[in-house]
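Report on the following structure.
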Amino acid sequence: MRVYLRKYGVLLVEGHVVISKVLAKPGAAHALSDVLAVSATALAPGPKIALLGFAGGGILAPLRALGFKSPIDAVDLSLEYEKWFRKYCSSWAGRVRLTQDEASAWLKRRRGRYDVIIEDLSVNGPYGVKKPEASVVTLPRLMKRRLKPHGLVVVNLLPMQGMSWRELLERVAAPYRRALVVSLVDYENKLVIGGSRLPEGREASRRIRSGLQQLGSRLVGRFRVRTLK
Numbered sequence: 116m117r118v119y120l121r122k123y124g125v126l127l128v129e130g131h132v133v134i135s136k137v138l139a140k141p142g143a144a145h146a147l148s149d150v151l152a153v154s155a156t157a158l159a160p161g162p163k164i165a166l167l168g169f170a171g172g173g174i175l176a177p178l179r180a181l182g183f184k185s186p187i188d189a190v191d192l193s194l195e196y197e198k199w200f201r202k203y204c205s206s207w208a209g210r211v212r213l214t215q216d217e218a219s220a221w222l223k224r225r226r227g228r229y230d231v232i233i234e235d236l237s238v239n240g241p242y243g244v245k246k247p248e249a250s251v252v253t254l255p256r257l258m259k260r261r262l263k264p265h266g267l268v269v270v271n272l273l274p275m276q277g278m279s280w281r282e283l284l285e286r287v288a289a290p291y292r293r294a295l296v297v298s299l300v301d302y303e304n305k306l307v308i309g310g311s312r313l314p315e316g317r318e319a320s321r322r323i324r325s326g327l328q329q330l331g332s333r334l335v336g337r338f339r340v341r342t343l344k
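Everything in the sequence shown is counted per my numbering, starting at 116 for the first residue and increasing by one.
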């Protein structure tokens, strides 16, 4: 891991991939974390959030800047990056209950249910950062079981070897009655938003755009939303 100190905080990089952009105060990261945070807050039916994949907690700056004040339950297999979150964010981040564990095992032990689950897991492989197999095999249905009846998930996806984008999106969205896909101009990632009471793609796009404008993110106009199912 390489660490780059910046005026805004710190940039955590693995290989050629930015793992987390950790800000020293709430605000727009002008990164994918802005869209993750806005997708959750603009469409969420309530305030109880679980975060699968924490890294340096880069999503906290846009979440708190958007006025989300509730505690956050988070899990990550490694706490390698946590010290940077504590150093730069502990004074303003609010209550974050971070557990070191494998995400599927952690979800199985949870007793409560969530309004939103954000799945932002990744693993380092010989060819760079990729999604873990659990994101397709075990987590979709586990997350569905840990949601409240009208809750939603936001899943940050990367291409997976041996699987087309269509197959990947459909497998992740399979447990949900409705699903949207957010494509981004500046990233190969796609976001899947799944739930039982999601708005149509046009309305979801309007809400996400409005949230990014409120945040002051440069990603306004750099995304597209379509209905998957």
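Backbone N, C-alpha and C define an ideal beta-carbon position, used for all residues, glycine too. Since we're looking at a predicted model, the values are computed, not measured.
Chain-order list of residues whose beta-carbon lies under 7 Å from that of residue i (same chain, five-residue window excluded)
i           : result
residue 221 : 190, 214
residue 239 : 129
residue 126 : 119, 133, 136
Residue burial classification, residue i (beta-carbon count within 10 angstroms, cutoff 16)
i           : result
residue 261 : buried
residue 234 : buried
residue 194 : exposed
residue 150 : buried
residue 296 : buried
residue 332 : buried
residue 258 : buried
residue 230 : buried
residue 300 : exposed
residue 216 : exposed
residue 279 : exposed
Where residue i falls: helix, strand or coil (DSSP)
i           : result
residue 152 : helix
residue 328 : helix
residue 298 : strand
residue 200 : helix
residue 343 : coil
residue 335 : coil
residue 176 : helix
residue 316 : helix
residue 311 : coil
residue 305 : strand
residue 224 : helix
Span of the beta strand (DSSP E) around residue i
i           : result
residue 264 : 262–272
residue 129 : 124–129
residue 135 : 132–138
Host alpha helix (DSSP H) of residue i (start-end)
i           : result
residue 170 : Premise fails: residue 170 is in no alpha helix (DSSP H) and is neither H nor E.
residue 206 : Careful: residue 206 lies outside any alpha helix (DSSP H) and carries neither H nor E.
residue 285 : 280–288
Chain-order list of residues whose beta-carbon lies under 6 Å from that of residue i (same chain, five-residue window excluded)
i           : result
residue 185 : 162
residue 286 : 251
Legend entry - Three or more C-beta pairs below 8 Å linking the segment 175–183 and the segment 138–146: yes
Inset, instruction - Count the CB pairs spanning the segment 270–281 and the segment 244–253 that are closer than 8 Å, and state whether there are at least three. - result: yes
Inset, instruction - Count the CB pairs spanning the segment 249–269 and the segment 193–210 that are closer than 8 Å, and state whether there are at least three. - result: With a cut-off of 8 Å on Cβ pairs, the segment 249–269 is not in contact with the segment 193–210, counting fewer than three such pairs.
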